[in-house]
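One structure is given below, encoded as structure tokens.
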Amino acid sequence: MWLAILLTLLTSYLFHFLRLDDRLYYWFKTNNHADEWQTRSVWLPGFEVNIDAKEIMGIDEGLSGLAYDSDHKLLWAVTNNPVELFALDKDGEVLGQYQLDGFSDVEAVAYTGNDTLVVAEERLQSSL
2 MWLAILLTLL
12 TSYLFHFLRL
22 DDRLYYWFKT
32 NNHADEWQTR
42 SVWLPGFEVN
52 IDAKEIMGID
62 EGLSGLAYDS
72 DHKLLWAVTN
82 NPVELFALDK
92 DGEVLGQYQL
102 DGFSDVEAVA
112 YTGNDTLVVA
122 EERLQSSL
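Encoded structure:
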């Protein structure tokens, strides 16, 4: 009897600790709607990589963030050492390079539409 209670408590703890309840809930919710969502979203199971890896000229350190600008068919990239914003074409060629004054630890960039970019700071946890 005590062994059954102990196993039940241990199983419950691991279930909660590993967030299996959330994972199962997510799986059930998404599994039933996959066909519906496929027609109105970016469907990645059919995604194929054309360029597996490419060195970008003019960027010596790794990129911190990358975003696609669907309005202008550009990629926007940021580096945090030095703190710069890059405009790239879809082949990864640099079209523009911009110094980001007032930033110290840029971590991400996002294109929100209407010619608006959001650049996020990691340490300050803010965006401009």
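Each step along the sequence shown adds one to the number in our numbering, with nothing skipped, and position 54 is 55.
All C-beta atoms, glycine included, are put in the ideal place defined by N, C-alpha and C.
Uninterrupted beta strand (DSSP E) stretches inside the segment 58 to 118 (no shorter than 3 residues) = Qualifying beta strand (DSSP E) stretches, in chain order: 66 to 70, 75 to 81, 84 to 89, 95 to 100 and 107 to 114.
For Leu8, does the count of other Cβ atoms within 10 angstroms reach 16, so buried, or fall short, so exposed?
-> exposed
Taking the Cβ atom as the reference point for each residue, do Ile57 and Val95 lie within a distance shorter than 8 Å?
-> Contact flag set, yes.
Spatial neighbours of Asn115 within its chain, please: CB distance less than 7 Å, with the 5 preceding and 5 following residues excluded, ordered by chain position.
-> Excluding its 5 nearest sequence neighbours in each direction, Asn115 has no C-beta neighbour in its own chain below 7 Å.
Cβ-based neighbour list, Ala111, same chain, cut-off 6 Å, excluding 5 preceding and 5 following = Residues of the same chain with a CB within less than 6 Å of the CB of Ala111, apart from the 5 flanking positions on each side, are Ala68 and Val119 in chain order.
Continuous alpha helix (DSSP H) stretch holding His17: start and end | Trp3 to Phe18
Alpha carbon to alpha carbon, how far is Ser71 from Ile6?
-> 56 Å
Glu49 - DSSP class collapsed to helix/strand/coil = coil
Leaving out five residues before and five after Gln98 in sequence, what residues of the same chain have Cβ atoms less than 7 Å from its Cβ?
-> Gly59, Glu85 and Phe87.
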